[in-house]
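Visitor:
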Amino acid sequence: MSLLRGVPRRGLILLALFVAAMALAPLYAGAYLLSVLTLILYFAYLGQAWNIMMGFAGQLSLGHALYVGLGAYSSAALFVHFGLPPAVGLFVGALLAAVAGTAIGFLGFRFGIQGVYFALLTIAFAEFVRILFEHFAWVGGTAGLFLPVSNRSDIDVLALRGTPEMFYYVILVMTLAALALSRALLRSRLGYYWLAIREDQEAAESLGIDVFRYKMIAVALSAALTALAGVFYAFFYNNLFPHQIFAMDSSIELLLGAIIGGVGTLFGPIVGAFILTPLSEGLSEVTEGLKIDGIKQLVYGICVVVIVLFRPEGVWPWIARRLGLDGEARRGDEP
Amino acid sequence: MSGAALSVRGLSKSFKGLRAVSEVSFEVGAGAIVALIGPNGAGKTTIFNMIAGVFAPDSGSAALDGRALIGLRPDQVCHAGIGRTFQIVRPFGGLSVADNVAIGALRAAASREEAEAKAESVMRILDLWSKRRQRAASLTLPDRKRLEVARALATGPRLLLLDEVMAGLRPTEVDTMVAVFRDLNRSLGITILLIEHVMRAVMALAQSIVVLHHGEVIAQGAPAAVVQDPKVLESYLGEETAL
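Residue numbers (this note's numbering), protein chains in the order written: chain A, 45 to 379; chain B, 9 to 251.
(1) L59 of chain A to A221 of chain A, Cα distance in whole Å?
(2) Given a cut-off of 8 Å on the beta-carbon distance, is the pair A271 of chain A and G137 of chain A in contact?
(3) Within its chain, find whatever has a CB closer than 7 Å to the CB of A120 of chain A; leave out the 5 residues flanking it on each side and keep chain order.
(4) Ordered along the chain, which non-local residues of its own chain (more than five positions away) have a Cβ less than 7 Å from that of K239 of chain B?
(5) Nearest to G156 of chain A by alpha carbon, out of A:L139, A:Q103, A:V307?
(6) Could you tell me which residues DSSP puts in a beta bridge with H221 of chain B?
(7) With a threshold of 8 Å on Cβ separation, who are the neighbours of Y258 of chain A within its own chain once the five nearest residues in sequence on each side are excluded?
(8) Thinking C-beta only, is T331 of chain A closer than 8 Å to I319 of chain A?
(9) With distance defined between alpha-carbon atoms, name the residue in B:L19, B:S104, B:A158, B:A144 nearest to L169 of chain B.
(10) Classify G311 of chain A: buried if its beta carbon has 16 or more other beta carbons within 10 angstroms, exposed otherwise.
(11) Bridge partners of R75 of chain B, per DSSP?
(12) Below 8 Å on the Cβ atoms is my contact criterion, and I expect A123 of chain B with A110 of chain B to pass it. Report the Cβ-Cβ distance as a whole number of Å.
(13) Considering F172 of chain A, what are the terminal residues of the alpha helix (DSSP H) in which it resides?
(14) Say whether chain A places a C-beta atom closer than 8 Å to the C-beta of A230 of chain B.
(15) Tell me, please, which residues DSSP counts as bridged to T321 of chain A.
(16) Can a CB atom of chain B be found closer than 8 Å to the CB of G252 of chain A?
(17) Look at G68 of chain B and R81 of chain B and say whether their C-beta atoms are less than 8 Å apart.
(18) Interface residues of chain B around D244 of chain A at Cβ under 7 Å?
(19) Going by C-alpha to C-alpha distance, which of B:I90, B:R141, B:A214 sits closest to G102 of chain B?
(20) Pick from A:L48, A:S250, A:G145: whose alpha carbon is nearest that of R89 of chain B?
(21) With H, G and I counted as helix, E and B as strand and the rest as coil, what does DSSP make of A106 of chain B?
(22) In the structure shown, what three-state DSSP assignment does L191 of chain A receive?
(23) Cα separation between M185 of chain B and A267 of chain A?
(24) List, in chain order, every chain B residue whose beta-carbon is nearer than 9 Å to that of L239 of chain A.
(25) Does the distance from the CB of I55 of chain B to the CB of E204 of chain B come in under 8 Å?
(26) Indicate whether the contact test is met: 3 or more Cβ pairs, each with one atom in the region 160 to 169 of chain A and one in the region 107 to 116 of chain A, closer than 8 Å.
(27) Let's test the definition: count the other Cβ atoms within 10 Å of the Cβ of L149 of chain B and tell me whether it reaches 16, buried, or not, exposed.
(28) Expressed to the nearest angstrom, what Euclidean distance is found between the alpha-carbon atoms of I296 of chain A and A163 of chain A?
(29) Using a Cβ-Cβ cutoff of 7 Å, what residues of the region 157 to 175 of chain B are near chain A? List them in chain order.
(30) Would you identify the three-state DSSP class for S232 of chain A, choosing helix, strand or coil?
(31) Pick from B:E121, B:R154, B:M211, B:T180: whose alpha carbon is nearest that of R98 of chain B?
(32) Can the beta-carbon of M174 of chain B be found closer than 8 Å to that of V206 of chain B?
(33) Using DSSP with H/G/I as helix, E/B as strand and the rest coil, what is F23 of chain B?
(34) Verify the CB distance criterion: does G376 of chain A have a CB-CB separation below 8 Å to chain B?
(35) Buried or exposed: where does Q236 of chain B fall if 16 or more other Cβ atoms within 10 Å of its Cβ makes it buried?
(36) Can you tell which of B:S146, B:I59, B:E156 has its C-alpha closest to the C-alpha of G18 of chain B?
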């Protein structure tokens with residue numbers, strides 16, 4: 045496969061081991077571990093989708109929950125009201141998210157809103173849509189939208205109805221597909237242009253790159269991919285509330301893994317999810333007995349701060365150096 | 009690939025009432041090398057930025073082989089056939105030297121492989137091949153200057169706008185750079201317009217010099233004549249520089 049060309053042998057072996065361990069997980073993992081793994085992969089996927097926009101094209105979005113919500117609500121509403129399966133709904137959700145992303149991108153990029161101001165714009169739109177959905181009776185408003193829970197012993201992937209194992213494999217395939225896509229993008233003309241824009245917009249322009257156009261493509265693609273995670277969320281949890289799915293917290297949660305793991309790297313978002321989700325789950329277990337309000341959040345926050353302090357470029361570039369996989373970590377990082 | 013002719017007519021630009029460039033006109037013939045000189049703040053880089061589409065002039069025109077450039081965006085100017093460097097270098101710091109140059113080469117390349125091949129030949133010309141794996145941010149200033157040129161050259165321009173690419177180079181490095189430009193000009197016919205303070209390079213390269221002072225052209229013509237011009241000596245070169 046051309047995607048694997050140039051990857052050091054050691055990297056190929058580690059990747060194969062990782063994929064094998066994940067593919068066989070349902071055989072050795074219990075129900076609880078499998079649910080944690082599903083959650084890890086969910087955030088690994090989301091981190092990768094966000095990483096395309098921020099890590100590759102350098103455009104900071106703090107409102108990606110908007111796209112998760114649009115994907116979740118459109119696929120769920122089509123299912124609840126018209127009986128359309130998520131295999132259809134995901135196209136509608138991805139398209140809606142891409143349109144929303146393009147609209148926000150247009151406002152930002154056309155009028156020269158950059159950096160943190162652009163990030164504020166993304167937050168504003170996510171909040172605006174959250175309030176909109178809280179008053180949107182057709183999808184339940186603040187009372188939420190509930191999907192009928194069906195018999196979980198038969199498996200129907202296209203309808204996203206089945207056992208926890210099925211959901212696990214769906215999100216595993218999504219995560220690996222996102223990884224392959226990210227790798228392909230980074231090696232394409234599009235990827236080179238994004239990196240140029242991330243590094244220096246003015247220099248990129250002087251080399252013939254239509255900065256506006258390629259930033260728009262980054263937002264649209266990132267938004268559409270993010271919406272697919274929303275479809276998964278809707279059918280996995282079977283309930284949707286605007287104040288949860290569109291929340292600022294969700295936007296932060298989904299990008300934290302990518303930052304901890306390494307923004308702009310291929311494996312950063314996956315590594316970050318493997319650190320943060322177990323940390324969160326583990327802390328829940330440990331702190332439950334303490335009966336101290338907010339202790340879990342406090343310890344979690346301290347852990348994140350410590351990681352960022354000691355590995356400011358992310359955990360993955362450090363691991364990659366240790367394993368001698370530098371070329372993989374970030375293009376240009378080679379000695 | 010051959011050179012293109014640049015024609016600048018009556019270009020003017022003011023910043024907050026301060027007239028940076030005033031009614032500047034000059035011609036750069038196809039395949040020619042012309043130097044734009046003058047003291048700091050004379051408006052040289054402003055002229056470059058107007059030609060390159062970074063900002064619009066208040067009045068005047070610029071055309072490449074008769075095609076109007078004013079109104080085009082910087083990326084469109086690049087596609088029209090103009091490659092430029094920045095006075096304050098702007099490398100893609102987090103990327104390798106090879107990727108920096110390859111991104112420039114993608115402008116005219118049909119595929120990534122073609123761009124990489126083009127980038128390789130450009131890196132060899134500018135003596136960056138041995139540093140291709142280094143991060144651009146880790147380069148020394150002379151190497152960054154060379155990278156600016158390599159990136160612009162990789163886009164396959166018919167006119168190169170070089171903004172003080174000799175600054176900070178040692179005399180031997182200046183001579184090497186001069187040889188590179190002379191060679192590019194001879195073998196590919198690329199037209200070159202350069203802003204330069206290093207008179208050693210200007211005199212070695214330019215067939216014609218345009219002197220700017222306070223945003224106005226005070227002299228232009230053959231190098232030997234221009235450097236003897238009393239107005240130029242007074243405002244810029246100083247008596248002792250007379251060659």
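Using N, Cα and C, we set each Cβ at its ideal position, and we do this for glycine too.
Guide: In brief:
(1) 14 Å
(2) yes
(3) L189, L191, A278, L284
(4) I226, A227
(5) A:Q103
(6) B:E224
(7) A101, L234, Y237, W238, I241
(8) no
(9) B:A158
(10) According to the sequence as given, residue 311 of chain A is Phe; it is not Gly. Buried is the call here.
(11) B:L72
(12) 5 Å
(13) 159 to 178
(14) no
(15) In the DSSP output, where bridge partners are listed per residue, T321 of chain A has none listed.
(16) yes
(17) no
(18) R98, F100
(19) B:R141
(20) Looking at the sequence shown, residue 89 of chain B is not Arg but Gly. Closest option to G89 of chain B, Cα to Cα, is A:S250.
(21) helix
(22) coil
(23) 47 Å
(24) F100, G102, L103, D107, I111
(25) no
(26) yes
(27) exposed
(28) 12 Å
(29) R159, T163
(30) coil
(31) B:R154
(32) yes
(33) strand
(34) Bear in mind that the predicted position of G376 of chain A carries a pLDDT of just 39, short of 50, making it unreliable; the figure below should be weighed with that in mind. So, interface residue.
(35) exposed
(36) B:I59
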